[in-house]
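Accompanying notes for the structure given below.
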Amino acid sequence: MVKSLRIVTRESPLALWQAQFVRTRLLETHPGLSVGIRTVKTLADRFLHKSLSEMGGKGVFVKELEQALLNNEADLAVHSMKDVTVDLPAGLTIAAIMEREDPRDVFISDRYPSLQEMPEGARVGTSSLRRQCQLRAAFPELSLREIRGNVDSRLQKLDNGAYDSLILAAAGMKRLGKERRIGAFLDVADMLPAIGQGALGIETRSDDAQVERLVRPLNHGPTQLCVNAERALSRKLYGGCHLPLAGYAQISGETLFMSALVGRPDGSRILKDTISGDAADAEKLGDELAEGLLLQGADEILTEVMNGGGQ
């Protein structure tokens, strides 16, 4: 009988909040269980001057955490699902996906009330190609600037005048108690979220049935189906890279509705599609939606970006 668990997480305030949140839920679910937290500074945290694409995409946020699991230095890792590559290392599994927080992006600025009211040349900070392609298509007059770092460091750069506004994930702002900084929530119809945005995943060793049994009660079925559909879409569209790809699924009753987008980072070409069907067929629907985008030419855009073009 497992009496203690070891969580491994990144050192950022948001990652620590997420680990503490999972720890609290585990303790509530299993009275008497001991749960510790160990932090690791990942490659992405050590080289903030480099872009994600230079370091190999979003997998740099989780690689060291996964290695700690494989080395039996921890029993579970807590991730933002938008950072988890679609193909996991052999021996690891996502044992639970927790109920999704707000999936939207938010606009943050002390100078302007909204993107629509920013003047030509105003500086918007974002490191996401997904956001860049949608912003450039809708607001070509704005100047998009690369920004890295955790939420607090990005807000500090905004406050120091390096940027006129930021686009960040609503979930992170809410989890850190920084809602007062949010100027506007961006509707998913105008800014489609990243795959898995707002959802927390718990990764474990696939052969550790006792740990998986302890973690499983934290799983939220509808969120899991939605994220699985989104990850199926991503997998079909060369998932795992830092790409201008968006996908968001919702469930109403027994029906899953999903929208997806692929675009050139310069905003000159945006491909969109939607699908709906039985929520039980979530991954199949994600595959079919990806096929629809490929028929429109998504492979041309994604190949161009992976080869260093598309700007």
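Per this note's numbering, the sequence shown runs over residues 48 to 358.
All C-beta atoms, glycine included, are put in the ideal place defined by N, C-alpha and C.
Contact annotation: Glu277 and Thr140 have beta-carbon atoms that are not nearer than 9 Å. When secondary structure is reduced to three states using DSSP, Gln181 falls in the helix class.
Look at the beta carbons and you see the stretch 262-275 not touching the stretch 211-225: under three pairs across the two are nearer than 8 Å.
Asp328 sits in a helix when the DSSP states are folded into three classes. Judged by DSSP in its simplified three-state form, Glu75 adopts helix. For Ser200, the three-state secondary structure derived from DSSP is helix. Within the same chain, Cβ atoms closer than 8 Å to the Cβ of Leu318 are found at Leu308, Val309, Gly310, Leu340, Gln343, Gly344, Ala345 and Ile348, the five residues on either side in sequence being excluded. Taking C-alpha positions only, Thr302 is separated from Gln203 by approximately 42 Å. Measuring C-alpha to C-alpha distances from Pro150 to each of Val49, Asp320, Arg57 and Gln244 identifies Gln244 as the nearest.
Counting along the chain, no beta strand (DSSP E) covers Ile229, and no H or E run does either. Unbroken beta strand (DSSP E) stretches of 3 residues or longer found wholly inside the stretch 112-172: 123-127, 139-144, 152-155 and 170-172, given in chain order.
Segment contact: the stretch 251-270 against the stretch 49-56, three or more CB-CB distances shorter than 8 Å; contact assigned. The Cβ neighbour count for Ser315, taken over all protein chains shown within 10 Å, is under 16; the residue is labelled exposed. For Val235, same chain residues with a beta-carbon under 8 Å away, outside a window of 5 residues either side, are Pro150, Arg151, Tyr295 and Ser306 in chain order.
Looking at Gly83, Asp130, His126 and Lys129, the one whose alpha-carbon comes closest to that of Glu120 is Gly83.
Under the three-state reduction of DSSP output, Phe68 falls in the helix class. Inclusion of Leu61 and Asn207 in the CB contact set at 9 Å is not warranted, their separation being larger than that value. Setting aside the 5 residues that flank it on each side, Ala337 is surrounded in the same chain by Leu280, Lys283 and Leu284, each with a C-beta closer than 6 Å to its C-beta; the list follows chain order.
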